[in-house]
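Have a look at the structure below before the remarks.
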Amino acid sequence: MAMRCKECQGKLEIVRSCWKVRMRCRKCRREFHIHEVADILDEKTEELLARYPSIIYD
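For the sequence shown, the working numbering assigns the number 5 to the initial residue and increments by one for each residue that follows.
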């Protein structure tokens, strides 16, 4: 089951920039901090996020 946006139910994807990692909705484009969607992360996404040396919770 795909992770869904808490606002519009669109599919969430990982978005990475040079200093942050976020989850972004493909439909409404809203970005979420990882801790905002931690309760719905699936195993595959957790494995991908584990590859990043640090995730900034700003």
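All residues carry an ideal CB built from backbone N, CA and C; glycine is no exception.
Whole-Å CB distance - residue i paired with residue j, under 8 Å assumed
{"i": "R26", "j": "K15", "result": "About 14 Å; that fails the 8 Å criterion."}
{"i": "R34", "j": "E11", "result": "6 Å"}
For residue j and residue i, the rounded distance between their alpha carbons
{"i": "R20", "j": "L53", "result": "10 Å"}
{"i": "C65", "j": "C32", "result": "This structure does not reach residue 65, given that the chain is present from 5 up to 62, and the question cannot be answered."}
{"i": "E50", "j": "P57", "result": "13 Å"}
Reference residue i; option with closest CA among the options
{"i": "I106", "options": "C32, K48, E47 and K24", "result": "Outside the modelled stretch of the chain, which goes from 5 to 62, sits residue 106, for which no answer is possible."}
Below-8 Å beta-carbon distance, residue i vs any chain C residue
{"i": "H39", "result": "Protein chains in the displayed structure number just one, and chain C is not present."}
**Q.** Every unbroken alpha helix (DSSP H) within the segment 5 to 52, with a cutoff of 4 residues, ordered by chain
**A.** none
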